[in-house]
Amino acid sequence: MDERDIRDHLLAQAKACDGLGSPFTANLCRALAKVLDANSRAGQAVLGWPGDARADGLALRLCGALHGLVLTGASEQLALIYPPNQTSESEIAAVLPEVIARSDDQIIAGLAGAPQTNEIARSAMLLPGFLTVARETGLPLDLCEIGASAGLNLLFDSFHYRYGDAEWGDPASPVRLAPEVRGLAVPIGGAIDVRHRAGCDIAPIDVADAVARLRLRSYVWADQAARLARLDAALSLAEKFPPLLVKADAADFIEKALATRQQGGTFVLYHSTMWQYLPRATKDAITATLEQAGRQATAAAPIARLRMESRDPTKPWAVLSLTLWPGGETRRLAHCDYHGRWIEWIG
């Protein structure tokens with residue numbers, strides 16, 4: 034990609050941030066598109082990015098690296114233009130060149146890692162799908178999450194949820210999710226019995242590691258205080274009840290998990306807003322493995338795939354879909370905000 038492509042990518046991310054309720058990050062991306070130059074090693078690294086900036090989440094990597102400077106107290110100058118301070122795009126642009134020039138090492142280090150937010154509010158999008166699986170199979174669930182990050186959404190049944198007037202979950206939970214309900218009432222009747230839960234990631238985050246927790250927080254947009262509060266609440270739960278996480282390729286993880294599944298439970302593979310980051314070969318391997326296992330599924334050992342992913346890049350929402358074997362029918366259950374702010378039930 035050339036320099037113009039990189040600047041266009043930053044502007045596209047700004048537009049996305051506007052739509053997702055983060056005006057500060059939108060202004061930050063627009064300012065970066067204007068002022069980034071080759072006078073620093075960090076600027077050179079961004080403008081000369083060797084891969085696909087969109088697929089690699091380059092803008093999010095850069096925003097995360099800058100937020101990390103604020104969270105660690107490494108740049109008082111940058112902190113002055115960050116929330117809760119109110120600053121304009123021009124005020125941000127005036128500060129960035131000097132900050133970037135002074136922080137080459139930290140920014141370049143931040144660019145090395147793929148963005149991970151482990152967005153907790155996505156559990157409110159997934160819960161109705163889990164309940165659908167539980168009602169329709171009548172069996173305990175064996176959960177298998179890929180792209181699990183810190184594994185916080187593996188703890189979804191420890192959260193409290195409100196959809197309009199309907200509630201589900203632990204009323205004493207520190208994690209409380211209440212998305213806007215659009216359209217039909219969301220069906221959340223029934224109970225969930227989780228028999229087993231495990232997740233994988235190519236770079237799993239250890240919630241006991243303070244540096245790893247800080248990095249996770251840095252990817253949350255700085256003007257979205259509610260998201261940061263949710264993350265901190267979920268991290269407090271994970272410290273008490275650490276989820277089972279392994280470092281593994283998603284396709285290998287699923288193949289091994291399916292090979293050892295047991296009768297009397299529903300194997301549930303699920304993932305949210307991570308499919309786009311997988312290589313094509315990994316996606317194809319996962320699909321083939323699931324289809325093969327699905328042909329052998331029975332009522333005593335069904336298989337479900339629950340996913341909240343973009344199905345049409347022209348639409349500003351993700352789709353919650355469910356495939357259930359035996360049968361292998363795929364249903365679209367809901368349209369979802371990527372950050373879990375609203376859900377529209379269609380299933």
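Here the sequence shown stands for residues 34 to 380, where the numbers follow the numbering used here.
Glycine residues also receive a C-beta, built at the ideal position from the N, C-alpha and C atoms.
Reference residue i; option with closest CA among the options
{"i": "D345", "options": "I125, W308, I336", "result": "W308"}
{"i": "I379", "options": "Q119, S108, A134, V219", "result": "V219"}
{"i": "L122", "options": "L353, T58, L323, L144", "result": "The identity of residue 122 in the sequence shown is Glu, whereas the question assumes Leu. Nearest C-alpha to E122: T58."}
{"i": "C177", "options": "T347, H42, S305, L69", "result": "S305"}
{"i": "L69", "options": "D38, A231, D85, C50", "result": "D38"}
{"i": "A367", "options": "L311, S343, G84", "result": "S343"}
{"i": "Q139", "options": "R74, P83, R340, S269", "result": "R74"}
{"i": "Q257", "options": "R230, E152, A45", "result": "E152"}
{"i": "A127", "options": "R155, Q110, G143, A281", "result": "Q110"}
{"i": "E324", "options": "P349, R155, A337", "result": "A337"}
{"i": "D370", "options": "P349, E362, V166", "result": "P349"}
{"i": "L174", "options": "L53, R94, A107, T299", "result": "T299"}
{"i": "G81", "options": "H100, R40, I376, F274", "result": "R40"}
Integer Cβ distance of residue i from residue j, believed to fall under 8 Å
{"i": "D190", "j": "V227", "result": "6 Å"}
{"i": "H193", "j": "V214", "result": "Their Cβ separation, rounded to whole angstroms, is 16 Å, which puts H193 and V214 out of contact at 8 Å."}
{"i": "G162", "j": "L339", "result": "4 Å"}
{"i": "A390", "j": "I141", "result": "There is simply no residue 390 to check, as the chain begins at 34 and stops at 380 in what is shown."}
{"i": "I319", "j": "A284", "result": "5 Å"}
{"i": "P359", "j": "A332", "result": "7 Å"}
{"i": "P116", "j": "A255", "result": "5 Å"}
{"i": "A381", "j": "L43", "result": "The structure shown does not extend to residue 381, since the chain is modelled only from 34 through 380, so no value can be given for it."}
{"i": "G223", "j": "L164", "result": "5 Å"}
{"i": "A334", "j": "Q296", "result": "5 Å"}
Where residue i falls, given that 16 or more other Cβ within 10 Å makes a residue buried
{"i": "I203", "result": "The sequence given here places Asp at residue 203; Ile does not occur at that position. Exposed is the call here."}
{"i": "R364", "result": "exposed"}
{"i": "A199", "result": "exposed"}
{"i": "S55", "result": "buried"}
{"i": "N118", "result": "exposed"}
{"i": "G171", "result": "exposed"}
{"i": "V244", "result": "exposed"}
{"i": "P312", "result": "exposed"}
{"i": "D234", "result": "buried"}
{"i": "L129", "result": "buried"}
{"i": "S269", "result": "exposed"}
{"i": "A66", "result": "buried"}
{"i": "G97", "result": "buried"}
{"i": "G232", "result": "buried"}
{"i": "P83", "result": "exposed"}
Per-residue DSSP class, three states only, for residue i
{"i": "I336", "result": "strand"}
{"i": "V214", "result": "strand"}
{"i": "I221", "result": "coil"}
{"i": "E324", "result": "helix"}
{"i": "H100", "result": "helix"}
{"i": "L176", "result": "strand"}
{"i": "R87", "result": "helix"}
{"i": "V128", "result": "helix"}
{"i": "I140", "result": "helix"}
{"i": "W254", "result": "coil"}
{"i": "Y310", "result": "helix"}
{"i": "R195", "result": "strand"}
{"i": "A351", "result": "strand"}
{"i": "F388", "result": "Outside the shown range of the chain, which is 34 to 380, sits residue 388, and nothing can be said about it."}
8 Å CB neighbourhood of residue i in its chain, flanking five on each side removed
{"i": "A271", "result": "A183, G184, L185, L188, V240"}
{"i": "L159", "result": "N186, F189, Y303, S305, L339, M341, L353"}
{"i": "D51", "result": "A59"}
{"i": "D85", "result": "M34"}
{"i": "A167", "result": "L174, G223, A224, I225, D226, T299"}
Own chain residues within Cβ distance below 6 Å of residue i, not counting five before or after
{"i": "R63", "result": "A47, E122"}
{"i": "L217", "result": "W378"}
{"i": "A157", "result": "Y194, L210, P212, G373"}
{"i": "W201", "result": "Y194, I221"}
{"i": "L291", "result": "A326"}
{"i": "A266", "result": "P207, V208"}
{"i": "D137", "result": "S73, R74, A75"}
Other residues of its chain near residue i: CB distance less than 7 Å, five sequence neighbours each side excluded
{"i": "I125", "result": "N60, L61, A64, I114"}
{"i": "V253", "result": "T150, R260, L261, L264"}
{"i": "R250", "result": "L104, L261, L264"}
{"i": "T120", "result": "I114"}
{"i": "A87", "result": "Per the sequence shown, the amino acid found at residue 87 is Arg instead of Ala. Closer than 7 Å at Cβ, skipping near neighbours: H42."}
{"i": "A71", "result": "Q77, L80"}
Residue i beta carbon near the ligand PLP (any heavy atom closer than 6 Å)
{"i": "N151", "result": "Annotation note on the ligand PLP: not contained in the displayed structure, which lists no ligands."}
Residue i at chain B interface by Cβ criterion, 7 Å
{"i": "D198", "result": "Although the question refers to chain B, the structure presented lacks it and comprises just one protein chain."}
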